[in-house]
Amino acid sequence: MILDPGKVITAIINSAAPYVIKQAQRKEIVIKVLKSLKLDPAHPPEDFDGVYAYALVEYGVDKPEVILKLFQEQDIKTDFKRAFYSDQELNFINSVIAFIDSRSLGDEIIKELKLEKRLDIKHDIRPYIEDFYKVFTNITKLTRTPKEVMRDKDFREILDILNKLSSSDEINAKLAQLTGNKPQNLGYSIEFDPLIKEKIRSFCGRKFVFAAFEEFTNKQPKGYFTLVGDAGMGKSAIAAKYVYDHKAISYFNSFAEGRTRPEQFLESIREQLISRYDLHNAEDDDLGNLLVKVSLKMANGERLVIVVDALDEVEQKSSGNLLNLPTTLPDKVYFLLTRRPYTASQKRLFVSPGIPVEELDLTREYTDLSREDIKEYIRFSLNDDSSEYKDGLNKWIQYCRDNITPLVFVEQLADKSENNFMYLRFVLPDIANDRYNDLNLKELPDGLLQYYQTHWERMGMNTKEMRQNAIILYVIVEAENKISSTTISRITNRNESEVLEVLEEWSQFLRRQVIKGEECYSMYHKSFTDFLRDKPTIKKNNFLLQDIQRLIVEENDRLWEEIGREEEED
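Residue 492 in numbering that gives the first Met the number 0 sits at position 493 of the sequence shown; the count goes up by one each step and never skips.
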């Protein structure tokens, strides 16, 4: 069944739907519009075009007209179809944002939604896109052909989980779990998919951490379990691995990505819980109320685990628990938290009597097990065919002046790492790519901070002529969000080609992402940000951090003025 989206939207607009307030009224109008389009309210069509039209009605009643116009565009419909059948929701979101940014429709959206500036579109339009995707997905469950696509996605996820298991007992146990009562949505938040996939690449060990958390959830009826460790010890990777394997509700705080505020956390967790457990009238609930509603929906034997990474990166002025975590929890609700070591005043996790709280401190306990995991990671890099550094590392060992064996290499590099995975992430590629051509294992830096310092010196950053390059790095540090090379060039008054050259030299410490056709940068890891903040380079150069902050603000003001002039000209 092929229905023109324009005809569907006209029917919605003529229904006076934007003025609907009560849910009952909304349902009546949805049924009326569906019938006017000769669509059966109880039985959606089976083909894609029919489901798209049906979803527009179900979604579009009470939505702004300018949003409806967006979904009638043929390019949007085509991109949606491609994204749905390839299970790439994020690609669809990005394509819609790019479409809006290149059309005059963006101006209509600004006016209709009363946005202050064009750059607000990306943030404010995303919930509308995600909502439509959810509505379409839910409707496919009432059809046959699109529903088969959903079954295929579940089947692929199950195969992926089973392929990671080694024994028949593990496989049988997992099959029993998967075929039993489970939440509606097997997946984790698409928001964190790129981060999770990156963190779990070449993941090794940490079985003792997962075993400790499993024991906690088996022994305790509910509670908070906190993993404590220094920067680079693999806390985020552990969190990502758990989320990936268990499809857990999650939130990853990140200073570099601008995810540090309690309201951002609540919005994300609320959305995930509502979607997974089909909660109603929960759009304004706080976390405590959401958890109560979820607990009433959970089947016998089911438990809810919420993973929250990097509590130490939270920026919160209000008192009380970090991220306003509840002081009490319903039964079978658990939090897996990660954070750096903290003082008593920094803890900020207050709970009511009877709420279990447990910590696993990687800096004080399990040092021997952590070392074994480090060695396993080094052996993987040396021996596994999937390791991109295998050939380079073995060649380096072969020609090393110390005449060492692979076994000695593993042991001594484990000593050098000080049980820090971030150290290995940087050092192993450096060794494999001949950046340490002195061929002497003993001369490798000891620990992550010394690695940063060694790299700093190797790049000549202590020399007067190179200190200006440091300013480029500090601009990235002080920028609140990802920042483009063009913007860095304007702020530092440097040629953009020079800026790109410096960024390339430091690329291993940066996270690069193309946004609206521009390459944008942020710091890969907060430990490097902390290292830079502790350097005296800026003060020696009479270029204080507040001066950089002032330049960033001035650049932002200039951009808003430019945008304002362009809008006036249009």
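Every residue, glycine too, gets a C-beta built ideally from N, C-alpha and C.
Buried or exposed (CB count within 10 angstroms, at least 16 for buried), residue i
i	result
Ser483	buried
Val409	buried
Lys37	exposed
Leu226	buried
Glu57	buried
Gly516	exposed
Pro4	buried
Pro44	buried
Lys34	exposed
Gln271	buried
Leu295	exposed
Asn320	buried
Tyr398	exposed
Lys62	buried
Asp308	buried
Pro352	exposed
Pro325	buried
Pro182	Model confidence at Pro182 stands at a pLDDT of 38, short of 50, so the residue's coordinates are unreliable and nothing is read from them.
Val474	buried
Leu348	buried
Leu443	buried
Thr9	exposed
Ser344	exposed
Ser103	exposed
Asn494	exposed
His524	buried
Val242	buried
Thr337	buried
Asp429	buried
Residue i, DSSP secondary structure in three states
i	result
Leu278	coil
Met522	strand
Glu45	coil
Glu314	coil
Ser35	helix
Leu141	coil
Arg378	helix
Val208	helix
Val60	coil
Arg595	As displayed, the chain neither begins before 0 nor continues past 569, which places residue 595 out of reach and without an answer.
Ser94	helix
Leu324	coil
Pro355	coil
Val65	helix
Ser267	helix
Pro444	coil
Met350	With the sequence shown as reference, residue 350 is identified as Val, and Met is not the correct amino acid for it. If DSSP states are grouped into helix, strand and coil, Val350 belongs with coil.
Thr528	helix
Lys146	Residue placement at Lys146 is flagged as unreliable, the pLDDT there being 48, under the threshold of 50; the coordinate-derived value follows with that caveat. The answer is helix: DSSP assigns Lys146 an H, G or I state.
Gly319	coil
Asn439	coil
Thr342	coil
Arg102	coil
Ala298	coil
Gln87	coil
Ala40	Checking the displayed sequence, the identity of residue 40 turns out to be Pro instead of Ala. Residue state, collapsed to three classes: coil.
Ser235	helix
Tyr132	helix
Tyr53	helix
In DSSP terms, what residue i is bridged to
i	result
Ile305	Ile248 and Phe334
Gly222	Tyr333
Asp360	Val227
Arg258	Ser253
Presumed contact (8 Å Cβ cut-off) between residue i and residue j, rounded CB distance
i	j	result
Arg260	Glu197	Not quite, the Cβ-Cβ distance comes to about 23 Å (not below 8 Å), so this is no contact.
Met420	Gly233	Contrary to the premise, residue 420 reads as Phe rather than Met in this sequence. About 4 Å separates the two Cβ atoms, so the contact holds.
Gly530	Leu448	First, the residue type needs correcting, since residue 530 is Phe and not Gly in the sequence shown. Right, the Cβ-Cβ distance comes to about 6 Å (below 8 Å), so this counts as a contact.
Lys76	Tyr51	6 Å
Tyr223	Val356	5 Å
Val304	Leu335	6 Å
Ile373	Ser416	5 Å
Glu312	Asn252	5 Å
Cutoff 7 Å: residue i Cβ touching any chain D Cβ
i	result
Asp285	Considering every chain present, this structure includes no chain D. It has just one protein chain.
Item to complete: Identify every run of the beta strand (DSSP E) within the segment 460 to 516, keeping only runs that are complete inside it and at least 3 residues long; order them along the chain.
Response: Listed in chain order, the beta strand (DSSP E) runs fully inside the segment 460 to 516 are 509 to 514, counting runs of at least 3 residues.
Discussion item. My parser needs the alpha helix (DSSP H) runs of 4 or more residues fully inside the segment 364 to 435; what are they?
Written reply: Listed in chain order, the alpha helix (DSSP H) runs fully inside the segment 364 to 435 are 366 to 382, 389 to 397, 405 to 416 and 420 to 431, counting runs of at least 4 residues.
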